[in-house]
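Peer 1: So the protein sequences, as listed, match chains A and B.
Under my numbering, think of the first position of the first sequence as 1426, with each following residue one higher.
Under my numbering, think of the first position of the second sequence as 1426, with each following residue one higher.
Number of protein chains: 2
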Amino acid sequence: MSKISNIAIVGGTHGNEFSGIYLLKKWQQHPQLLARSSLSVETVFANPKAYGENKRYIDADLNRQFSASELADFSLANYEQSRAKVLHQQLGPKTNPNMDLVIDLHNTTSNMGPTLILLDQTPFDLQLAAYVKMLMPEAVVFLDEPEDDLANHRFLASCGRRGVLIEVGPQPQSVLRQDILEQMETMTGHILDFVDLHNQQQLPELPHSVEAFLYLDSIKLPLDEQGERIATVHSNVQDNDYQPINPGDPIFRTFTGEDICYEGDKTVYPAFINEAAYYDNDLAMSLLEKVRLELS
Amino acid sequence: MSKISNIAIVGGTHGNEFSGIYLLKKWQQHPQLLARSSLSVETVFANPKAYGENKRYIDADLNRQFSASELADFSLANYEQSRAKVLHQQLGPKTNPNMDLVIDLHNTTSNMGPTLILLDQTPFDLQLAAYVKMLMPEAVVFLDEPEDDLANHRFLASCGRRGVLIEVGPQPQSVLRQDILEQMETMTGHILDFVDLHNQQQLPELPHSVEAFLYLDSIKLPLDEQGERIATVHSNVQDNDYQPINPGDPIFRTFTGEDICYEGDKTVYPAFINEAAYYDNDLAMSLLEKVRLELS
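Okay, here's the thing in C-alpha cells:
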C-alpha cells in the first residue's frame, strides 16, 4: 500500500458539534501534537458560518453534498453546496486528491461512544480499524452504507484518496464535554500513529479479524396520517446503541402508552438512536449487522 | 389560602425543548388527562415560531422578557419581546392576573432529573413542594433567585398570581426522550392533584419540612484575554448536578490538561451544569445552597 503523505483533519462540518471545533483550536495553538515524522497534517474548519450561528448548517447538511454529480452541478448554489465545491478543490479533487487521507470529526447526541466510521473496506481501512480497536478497545468500528465508489459518496471525507469519520457521543448539540473531547483526541492520535507506522512499514502485529457493525437501513419514527409523530424511541432502546434488538422487542412507545415492536426477522444492532439531527427526516435510528472483518 | 381556579400549562417557551411541546399536543387530544373537578386548565404554546425553526428563540430568550418594566416598554419590539406582551395579556396582567397559577414546562441538557423551580416561598409554594416531593422522592426543589416580587421577575411563569417551572433533564436540545417526557407528565399531574386537593381543603398530612436548593450564583467558563474559552467543565462535575462541590475540588479542565479548582469557602451544589443554552453567556453552571424549608 502506498504512503499516506498528506492528511487533512476536518472539524466543524456540522456547526453545533463542538468537539472537533475545539480540537482544531487546540491543535492550531499546539501543532506539535499532530506532528508525525512521515506525514504532513493540516486542519480545516469546514463550516465556520454554521458554527457562528450555532447551527448544524445554514441551508443544507454539508455532509451530504459531495457526490461527484452534485459537485459538478453549478446550479446548486446555496451556502453548503458552495462550500462543498470549495472544500473539494482544497481536499480533492476526487479524480486526483491533494489529500491522501481525510479525517472528519463529528459528534452525535446518541450514546455511540468513540466510533470509527469507515467509508470503504480496503486492506488499509481494515488494518486501521484493527489497530485503533487494539489500542482503544472501547472503540466501535462502523461500516457505512457501501457506495459504488468514493466518487459517488456524499460525505466530505470522500474528497480524499481515503476518508474516515470519527463520531463520538453522547454529547448534546452545542455542548462541549471533557470526556467526549478526550475520546476524540485519543482516537485521532491513534489514526495518525497508525499512518506513521504504516508509512515506515513498522506496523505491529495486528489481530487477524476485527468486529464491526455494517449499516443496513434506517427506521423512521411512527407517524399518523397527518405526518405527526405518535411515539418516541422506547426506553429499552434509548442509550443502548450497538446492543441487540431482537424480533418482537419493543422499540417505540406511543404517546398513549402502547409499545410498538421490531418486526424484522433477525437480530439487528442500532446506532444513532434518537439523534437530534435526524428529526428533520423523522429518523429514529440506524440498524446495523454485527460482522467480523478478516484481515487478509 | 384562596382557591386556585384557573391554571395555564405553558410549553414551548423555548422552541427546542420538546417535552412540554409534545405534552401539549397529547393533552389537546386528551383533555380529560388534565381535568380536575375544582379547577379549569388551559394549555398555551408560548413560542411556536421558535419551535418551527427548531431553535431556542428567534431574537431573544423569551423567558427573560417578563419584568414589569420591559413589558411596559413598547420600544422593545423584537419577536420574543412582542410575544411576551401578548402572553402577559393572556396570562396576566401581573396587577390582576387571569391565571391563578402558571406552570411553565422546560428541559435542560444537564442531569437535573425532574426539578420543580419555585419563584416564591409562600406557604402555598412550600406545601406544593412538600406534596410533590412526598409523591415523587426523586424530584428536586429549586428556589430561584429571589426577586423583590413577581412584578419584577423576568420569567414567563411570573405572569400568573403564582408561578412554577418544571425543568427536566438530561435531554439534548431538539430531542424527545421517553423517560424525560414521563417525568414531566408525572410531575405536572402531581401539581394539578395538589391544587385540586388544596381547593377542596383535602390535602393529606404533609412533611414538616422539605429539602431544597437555593440559587446563589452562576460561574463562568474560564476565558483567555481574547474571550476564548480555555477549559471545559471537569469530568468530576459533569452530570453531577446537585452533588456537593467542596472548596478545592476541581471544577474545570483546561484544554492543555490542567485542573482549575473551586475557590469558594463553603460547600455548594451545582445545577445547570454545562447547559447548552447558557453557552451564549459563557456560563458553566449555577451554584446553590442546600436548605431545609420549614412548613409553618
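We treat Cβ as the ideally placed atom computed from N, Cα and C, and that holds for glycine.
Being a predicted model, the structure only gives us computed values, none of them experimental.
1. So who's on the other strand from F1567(B), going by DSSP bridges?
2. Please determine if the region 1677-1685 of chain A and the region 1549-1559 of chain A are in contact, where contact requires at least 3 C-beta pairs separated by less than 8 angstroms.
3. Restricting to Cα atoms, I'd like to know which of Y1687(B), L1622(B), D1484(B) and L1712(B) is closest to Y1556(B).
4. For the region 1693-1705 of chain B, list every residue whose C-beta sits within 9 angstroms of some C-beta in chain A, in sequence order.
5. I'd like to know if K1451(B) contacts chain A, where contact means its C-beta is closer than 8 angstroms to some C-beta of that chain.
6. Taking R1508(B) as the reference, which of L1601(B), H1531(B) and F1491(B) has the closest Cα?
7. Could you work out which residues of chain B lie near Y1447(A), taking near to mean beta carbons separated by less than 9 angstroms?
8. My output table needs one value for F1677(A): the three-state DSSP class, helix, strand or coil.
9. Extract the residue ranges of the alpha helix (DSSP H) inside the region 1463-1492 of chain B, only unbroken runs of 4 or more that lie entirely within it.
10. Can you tell me whether Y1694(B) is helix, strand or coil according to DSSP?
11. Could you name each continuous beta strand (DSSP E) segment of 3 residues or more that falls completely within the region 1569-1633 of chain A, going from the start of the chain to the end?
12. So what's A1509(A) in DSSP terms, helix, strand or just coil?
13. So, is the C-beta of P1597(A) closer than 8 angstroms to a C-beta in chain B?
14. Tell me the rounded alpha-carbon separation between V1600(B) and M1561(A).
15. What does S1660(B) touch in chain C if you count any residue whose Cβ is under 9 angstroms from its own?
16. So if I threshold CB-CB distances at 8 angstroms, which residues from the region 1531-1545 of chain A count as touching chain B?
17. For E1719(B), does the three-state DSSP call read helix, strand or coil?
18. So, helix, strand or coil for M1710(A), using DSSP?
19. Whose C-beta lies closer than 6 angstroms to the C-beta of L1575(B) among residues of the same chain, with five residues either side of it excluded?
20. Taking the CB atoms as reference points, tell me whether P1595(B) and T1534(B) lie closer together than 8 angstroms.
21. Give the interface partners of Q1663(B) over in chain A, defined as CB-CB distance under 9 angstroms, in chain order.
22. In its own chain, which residues sit with a C-beta less than 6 angstroms from the C-beta of A1433(B), not counting the 5 before and 5 after it?
23. Rounded to the nearest angstrom, what separates S1643(A) and Y1447(A) at their Cα positions?
24. Applying the criterion that 16 or more other CB atoms from any shown protein chain within 10 Å of the CB defines a buried residue, is S1721(B) buried or exposed?
25. How close, in whole Å, do the beta carbons of V1778(A) and N1699(A) come, if the pair is a contact with beta carbons under 8 angstroms?
26. Report buried or exposed for E1592(A), applying the criterion of at least 16 other Cβ atoms within 10 angstroms of its Cβ.
27. Skipping 5 residues on each side, what residues in its chain have a beta carbon closer than 7 angstroms to that of S1634(A)?
28. Within the continuous beta strand (DSSP E) that includes G1436(A), where are the two ends?
29. Per DSSP, S1643(B) forms a beta bridge with which residues?
30. For S1711(B), count neighbouring Cβ atoms within 10 angstroms of its own Cβ and tell me buried if that reaches 16, exposed if not.
Peer 2: Based on what the coordinates show:
1. Its beta-bridge partners are I1542(B) and F1638(B).
2. Fewer than three pairs of CB atoms, one per stretch, sit closer than 8 angstroms, so the region 1677-1685 of chain A makes no contact with the region 1549-1559 of chain A.
3. Ranking the options by Cα distance to Y1556(B), first place goes to L1622(B).
4. Listed by position, the residues of the region 1693-1705 of chain B near chain A (Cβ gap below 9 angstroms) are N1699, E1700, A1701, A1702, Y1704 and D1705.
5. By this cut-off, K1451(B) is an interface position.
6. Of L1601(B), H1531(B) and F1491(B), the residue nearest in Cα terms is F1491(B).
7. For the C-beta of Y1447(A), the chain B residues within less than 9 angstroms are, from N- to C-terminus, R1654, T1657 and F1680.
8. F1677(A): strand per DSSP, three-state reduction.
9. If one requires a minimum length of 4 residues, the alpha helix (DSSP H) runs lying completely within the region 1463-1492 of chain B are 1473-1477, in chain order.
10. When DSSP states are grouped into helix, strand and coil, Y1694(B) belongs to the strand group.
11. DSSP runs (the beta strand (DSSP E)) wholly in the region 1569-1633 of chain A: 1587-1594.
12. In the structure shown, A1509(A) sits in a helix (DSSP, three-state: H, G or I).
13. Yes, its Cβ sits closer than 8 angstroms to a Cβ of chain B.
14. Distance from the CA atom of V1600(B) to the CA atom of M1561(A), rounded to whole angstroms, is 29 angstroms.
15. Given the protein chain composition of this structure (A and B), no chain C is represented.
16. Hits within the stretch, in order: T1534.
17. Strand, per DSSP.
18. Of the three classes helix, strand and coil, the one that applies to M1710(A) here is strand, per DSSP.
19. Only residues of its own chain outside the window of five on either side were considered, and among them S1583 have a CB closer than 6 angstroms to the CB of L1575(B), listed in chain order.
20. Going by C-beta atoms, P1595(B) is nearer than 8 angstroms to T1534(B).
21. The contact set of Q1663(B) on chain A, defined by CB atoms closer than 9 angstroms, consists of R1602, Q1603 and D1604 in chain order.
22. Hits under 6 angstroms: E1467, V1469, L1516, M1524 and V1527.
23. Answer to the nearest angstrom: the Cα atoms are 30 angstroms apart.
24. Result: exposed.
25. Past the edges of chain A, shown from 1426 to 1721, lies residue 1778(A), and the structure says nothing about it.
26. Buried is the label assigned to E1592(A), since at least 16 other Cβ atoms lie within 10 Å of its Cβ.
27. R1717, L1718, E1719 and L1720.
28. G1436(A) -> beta strand (DSSP E) spans N1431 to G1436.
29. Residue pairing for S1643(B): DSSP places it in a beta bridge opposite S1711(B).
30. That one is buried.
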